[in-house]
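The sequence shown finishes on residue 211 if you use full-length UniProt numbering, and the numbering steps up by one all the way, no holes.
See below for the structure under consideration.
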Amino acid sequence: MSVAGVDWPEPGGSAEIVPLARGVALPGHVEVSDGTDLRVRLVLAEYAEQLKVKPGHRVDVLWGGPTGGRSLPAEVTEIRSDPELRWSLQIIGPAEASQRRQSVRARVELPVVARCGAVLITGQTVDLSEAGARAWFDGWGLQPPSGTPMDVTLELGGGAFTAAGEVVRVEPRGPRWLISMKFPGLTEQEQDRLRRRVFEALRLERLRQAD
């Protein structure tokens, strides 16, 4: 028996739509889902429109199921902007477990201030996603182990962005440390703000490659 959330994403949930010819995951909100068809509202409409996806194109749909990541293949049947961008999709295959990383990452260099315990440090990001970042810092004392809390403030467009982060990995490079951080517990609005900055960086990179 098919089960919503396992065999297809539930209405009201979040999903990532990956056009197979583009290889970029687009965040969206599932509005309609009945096991046969989906309707998804794309969060970053301006960037999604630049990919020139059309009816008939194949996509992968990724979402978080009750026991882990899930994915299924689908075909775009209709694209509407009224005024928000919505894609109608027809499911064309069964769902399966997916270990694919759903977060889109881009090279983004931003000033970053972090507090790790009693230590306040400044550095610069190397790349960014809605789930975390990597950044260069000058090394201090003992390396923080994985799981160490790290409050992070990034200078995004429109003002500072602060998140309760967590150290994932530290890679020493001489006197500097490349620290990978994750941002658990972000709200959907906070994730969308990071996504917008990431997709802006991807858009600029595409323009540079086209020149």
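Glycine included, each C-beta is placed from N, C-alpha and C at the ideal position.
Open item on the list: If you follow the beta strand (DSSP E) that A25 is in, where does it begin and where does it stop?
Closed with: From DSSP, A25 is part of no beta strand (DSSP E); its letter is neither H nor E.
Open item on the list: So if DSSP puts E171 in a beta bridge, which residue, or which two residues, is it bridged to?
Closed with: Answer is L178, bridged to E171.
Task: Cross-strand partners of P111 (DSSP beta bridge) - done: Among the bridge pairs identified by DSSP, P111 is matched with Q124.
- [ ] Enumerate in chain order the residues of its own chain whose CB-to-CB distance from M150 is below 8 Å, with the five nearest sequence positions on each side excluded.
- [x] Excluding residues within five positions, the ones whose Cβ falls inside 8 Å are A114, R115, C116, P144, G165, E166, V167, I179, M181.
Task: Neighbourhood of A21 by C-beta distance below 7 Å, restricted to the same chain and skipping five residues each side - done: The answer, listed in chain order, is H57.
Open item on the list: Helix, strand or coil, according to DSSP, for R190 in the structure here?
Closed with: Checking the sequence, you will find Glu at residue 190 rather than Arg. Three-state DSSP puts E190 in a helix.
Task: Length of the line joining the Cα atoms of A45 and L85 - done: Spanning the two alpha carbons is a distance of roughly 6 Å.
TODO: Can you tell me which of the three DSSP states R134 falls into?
DONE: R134: strand per DSSP, three-state reduction.
- [ ] If I'm right that V198 touches L128 with Cβ under 8 Å, what's the distance once you round it to whole angstroms?
- [x] With 8 Å as the limit, V198 and L128 qualify as a contact, their Cβ atoms being about 6 Å apart.
TODO: For D151, write down the residues that DSSP places opposite it in a beta bridge.
DONE: As computed with DSSP, D151 is found in a beta bridge with R115, A164.
TODO: Could you round the C-beta distance between G157 and F137 to whole angstroms and report it? I think they count as a contact, below 8 Å.
DONE: Actually they do not touch by this definition, with Cβ atoms about 23 Å apart.
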